[in-house]
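Reviewing the structure listed below.
Protein chains: 2
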Amino acid sequence: MRETFQIKLDTMVSELARIARFAGQTMTHASTALQQADPGFAELVLSNRDKMRILCEQVRQRCLKLLVLQAPVATDLRIVITAMRAVCDLERMGHLAGHIATIAQLNHPGLPIPGEIRPVFARMSMLAVTLAHDAAAAIESRDQLSGERLAQADDEVDALHRQIFRILFSQDWSHGIKPAVDAALIGRYYERFADHAVAIAREISFLATGQPPQH
Amino acid sequence: MRETFQIKLDTMVSELARIARFAGQTMTHASTALQQADPGFAELVLSNRDKMRILCEQVRQRCLKLLVLQAPVATDLRIVITAMRAVCDLERMGHLAGHIATIAQLNHPGLPIPGEIRPVFARMSMLAVTLAHDAAAAIESRDQLSGERLAQADDEVDALHRQIFRILFSQDWSHGIKPAVDAALIGRYYERFADHAVAIAREISFLATGQPPQH
Numbered sequence: 101m102r103e104t105f106q107i108k109l110d111t112m113v114s115e116l117a118r119i120a121r122f123a124g125q126t127m128t129h130a131s132t133a134l135q136q137a138d139p140g141f142a143e144l145v146l147s148n149r150d151k152m153r154i155l156c157e158q159v160r161q162r163c164l165k166l167l168v169l170q171a172p173v174a175t176d177l178r179i180v181i182t183a184m185r186a187v188c189d190l191e192r193m194g195h196l197a198g199h200i201a202t203i204a205q206l207n208h209p210g211l212p213i214p215g216e217i218r219p220v221f222a223r224m225s226m227l228a229v230t231l232a233h234d235a236a237a238a239i240e241s242r243d244q245l246s247g248e249r250l251a252q253a254d255d256e257v258d259a260l261h262r263q264i265f266r267i268l269f270s271q272d273w274s275h276g277i278k279p280a281v282d283a284a285l286i287g288r289y290y291e292r293f294a295d296h297a298v299a300i301a302r303e304i305s306f307l308a309t310g311q312p313p314q315h
Numbered sequence: 101m102r103e104t105f106q107i108k109l110d111t112m113v114s115e116l117a118r119i120a121r122f123a124g125q126t127m128t129h130a131s132t133a134l135q136q137a138d139p140g141f142a143e144l145v146l147s148n149r150d151k152m153r154i155l156c157e158q159v160r161q162r163c164l165k166l167l168v169l170q171a172p173v174a175t176d177l178r179i180v181i182t183a184m185r186a187v188c189d190l191e192r193m194g195h196l197a198g199h200i201a202t203i204a205q206l207n208h209p210g211l212p213i214p215g216e217i218r219p220v221f222a223r224m225s226m227l228a229v230t231l232a233h234d235a236a237a238a239i240e241s242r243d244q245l246s247g248e249r250l251a252q253a254d255d256e257v258d259a260l261h262r263q264i265f266r267i268l269f270s271q272d273w274s275h276g277i278k279p280a281v282d283a284a285l286i287g288r289y290y291e292r293f294a295d296h297a298v299a300i301a302r303e304i305s306f307l308a309t310g311q312p313p314q315h
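Protein chains in written order, with my numbering: chain A, 101 to 315; chain B, 101 to 315.
Here it is, written out as structure tokens:
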């Protein structure tokens, strides 16, 4: 009985890490759709939204079954609770990648993002995707990531987000209203995606320390 | 023992409903700060963010204690799980109201929102706040809200959100980049706030039916 429980718990945790990697991959595809105005990548992201939702629901169901049938305690209970919180974050990450793909799609065949802002989004995307993979690694090792590294990446995403507004509101902005609104929203989506990945890593620290995460 | 458990469960559910009402009230204050350029209301919203976070953490701790000490099953377990999901939504709703208050504050003493877009935000705010109170009522009665009414309010929020973009991207928009970006972000915050309230109401339907909510 106990052995079966551990196998089920391990399977659920592996699934969760797989979803976190999938979220990272989806954001990479969304960024490619955006930077290269590639409708194929945008469609891929949007068709993967359902897959993401189904994967998340499967983990939720696994967690519920573990709670109902096994009534876990102590660390095992904390793992299930953490997984249920993390799956909410992962589902949102999938939606946020979808929003970026939608903006790319609605602007096709044009590039929605003027040149001076594209490197900022490229860097935000790279940081956000790295944080998703960090979250996956944290889930698998069930341990804290290096808090300092995480805080650094999070701070850089926030600084890039502020940089976008400086570019948009400067006198030099000559691209008009729509690209400015698109850019402001895309910046927000990257920033939220990174925040959710950081939230997961913090939730994992709850596993390691037993202390609730500080948001 | 059983009686004590029920009292603790009822207390937790009452707290959760109280937080949902508090989220609604906070959004009302944020909208007042926005529409009347009133810095006092903006400060009130921002100072209430910590209170919101603490209230949410208290419900999480209550849920964990119920799970660890009482190992609830069936409906009682579902109530605790639903509460843990709902509290994540409520925490985000507090943040979203905070973002609107921050835009009002950064634009003080000016009004951040041009005249033609203000009635749209007033309506979005009213719907979002009503949905928060609906969520509170659903939590308290532990029953489904009228699905049709909920869907109607949700659809109207989405339609208003699209209307904002039509206004911003029309030839008549003469207010420049910054008010357009502010308006796009504020529209997004109202829409997300309403979405979270709807998500809670759907999670409550999970209690009533045992079927997982469809997002």
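Beta carbons are placed, not taken as given, at the ideal position from N, Cα and C, and that holds for glycine. From a predicted model like this one, the values you see are computed outputs, not experimental measurements.
Exercise. Taking all protein chains shown into account, do 16 or more other C-beta atoms lie within 10 angstroms of the C-beta of R178/A, making it buried, or fewer, making it exposed?
Worked result: buried
Exercise. Can you round the beta-carbon distance between Q135/B and A222/B to whole angstroms, since I take them to be within the 8 Å contact cut?
Worked result: 6 Å
For this session: Drop a sphere of 10 angstroms on the beta-carbon of S241/B, count the other beta-carbons inside from all chains shown, and report buried for 16 or more, exposed for fewer.
Result: exposed
Problem set entry | Range of the contiguous alpha helix (DSSP H) that encloses P219/A | R218 to S241
Exercise. Among residues of its own chain, excluding the 5 on either side of H199/B, which ones have a beta-carbon nearer than 6 Å to its beta-carbon?
Worked result: Y289
For this session: Could you tell me whether the Cβ atoms of V145/B and A237/B are closer together than 7 Å?
Result: no
Problem set entry | V173/B classed as buried or exposed, judged by whether at least 16 other C-beta atoms fall within 10 angstroms | exposed
Exercise. From what residue to what residue does the alpha helix (DSSP H) around F141/A run?
Worked result: P139 to Q170
Exercise. Within this structure, are the beta carbons of A228/A and M152/A separated by less than 7 Å?
Worked result: no
For this session: Mind listing the chain B neighbours of K108/A? Cutoff is C-beta to C-beta under 7 Å, in chain order.
Result: By Cβ distance, chain B contributes nothing, its closest Cβ being about 17 Å from K108/A, past 7 Å.
Exercise. Who are the Cβ neighbours of F141/A in its own chain at under 8 Å, not counting the five residues just before and after it?
Worked result: H129, A130, T132, A133, A201 and A204
Problem set entry | Against chain C: residues of the segment 178–212 of chain A by CB proximity under 8 Å | Within the model displayed, chain C is absent; protein chains A and B are what it includes.
For this session: Give the DSSP-derived three-state secondary structure of H261/B in the structure shown.
Result: helix
For this session: Specify the secondary structure class of L109/A as computed by DSSP and reduced to three states.
Result: helix
Exercise. Do M193/B and A123/B have their CB atoms nearer than 7 Å?
Worked result: yes
Exercise. Terminal residues of the continuous alpha helix (DSSP H) containing I179/B?
Worked result: A174 to N207
Exercise. Count the other CB atoms within 10 Å of the CB of Q170/A; is the residue buried (16 or more) or exposed (fewer)?
Worked result: buried
Exercise. Any contact of the segment 274–285 of chain A with the segment 267–278 of chain B, i.e. 3+ C-beta pairs under 8 Å?
Worked result: yes
Exercise. How many angstroms separate the CA atom of H195/A from the CA atom of I217/B?
Worked result: 27 Å
For this session: Determine, using beta-carbon pairs with one atom in the segment 292–304 of chain B and one in the segment 250–259 of chain B, whether at least three such pairs fall under 8 Å.
Result: yes
For this session: Kindly list, in the order they appear in chain A, the residues whose Cβ is closer than 8 Å to that of V281/B.
Result: F265, L268, F269, A280, V281 and A284
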